Amino acid sequence: MKKSRVFIRTYEDIGILDKEYHSGRKTKKSLIYRLNRRTKEAIDSIEKHFSGSPSLILDLGAADGLMPGMIKNMYPSALCIGVESSKELIETNTDRRITLLHGNANNLTMDSNTVDIVLAAAVIEHMPDPEKFLREAKRALKPHGLIILTSPVPFREKAATMVGHLRDEQHCNEIIYLLISF
81 MKKSRVFIRT YEDIGILDKE YHSGRKTKKS LIYRLNRRTK EAIDSIEKHF SGSPSLILDL
141 GAADGLMPGM IKNMYPSALC IGVESSKELI ETNTDRRITL LHGNANNLTM DSNTVDIVLA
201 AAVIEHMPDP EKFLREAKRA LKPHGLIILT SPVPFREKAA TMVGHLRDEQ HCNEIIYLLI
261 SF
């Protein structure tokens with residue numbers, strides 16, 4: 081008879097990536113593709129759904145800052161701030177045009193109604209409490225601001241895990257269906 085094993089992970093352990101992830105985003109084709117695709121999706125969403133030029137863009141789960149840096153290329157006058165829980169990833173950032181802050185996306189230190197665009201690309205599936213995460217993003221957002229969320233497609237993620245492209249333990253929410261009235 082097989083014994084059950086119980087794994088207990090704290091919030092800090094879930095979905096936290098490291099310098100290996102950063103170096104992979106510059107060398108591994110799959111990670112380069114994902115970065116470019118997610119950045120293009122974010123920029124396309126801004127162009128389609130945000131009128132005017134954003135003055136403050138907040139990237140939650142900014143990792144090494146590569147995505148906010150690419151977005152800064154498109155919106156040079158915008159202040160681009162990223163919040164990241166991994167100090168190790170923040171230390172890899174070399175783009176001085178953006179600011180990366182060590183913090184928790186469920187408990188932002190910024191004032192309410194200050195952000196034009198909140199971006200969370202492939203982050204929400206890592207959050208133990210996605211509703212709290214969304215409420216906090218909304219709190220920071222200006223009226224008529226834009227929240228851009230991307231999340232992996234579960235079937236594709238499962239297939240990618242099966243062939244060794246992903247470590248499944250990074251995701252604590254396989255699929256998210258949230259009905260939140262903003």
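With the working numbering, the residue at position 163 of the sequence shown is 243, and numbering never jumps. Heads up, the beta-carbon is just placed ideally off N, CA and C, and yes, glycines get one too. Keep in mind that this is a model prediction, so the values were computed, not measured.
- The beta carbon of methionine 154 sits closer than 7 Å to those of Ile123, all from its chain and outside the five residues before and after it, given in chain order.
- In the displayed model, threonine 230 falls within a strand according to three-state DSSP.
- Non-local beta-carbon contacts of alanine 185 in its own chain, meaning distances under 8 Å to residues more than five positions away in sequence, involve Leu140, Gly141, Val163, Ser165, Ala200, Val203, Met207, Phe213, Glu216 and Ala217 in chain order.
- Contact between methionine 147 and leucine 111 does not hold, since their C-beta atoms are separated by about 12 Å, which reaches or exceeds 8 Å.
- The secondary-structure analysis by DSSP pairs histidine 182 across a beta bridge with Glu164.
- Taking the C-beta atoms as reference points, leucine 136 is found no nearer than 9 Å to valine 233.
- For isoleucine 137, the uninterrupted beta strand (DSSP E) run begins and ends at 136 to 140, by DSSP.
- The three-state secondary structure of lysine 218, taken from DSSP, is helix.
- For aspartate 196, the enclosing beta strand (DSSP E) stretches over residues 195 to 201.
- Each of Lys222, Asn187, His224 and Leu226 was checked against the Cα of glutamate 211, and the nearest Cα belongs to Asn187.
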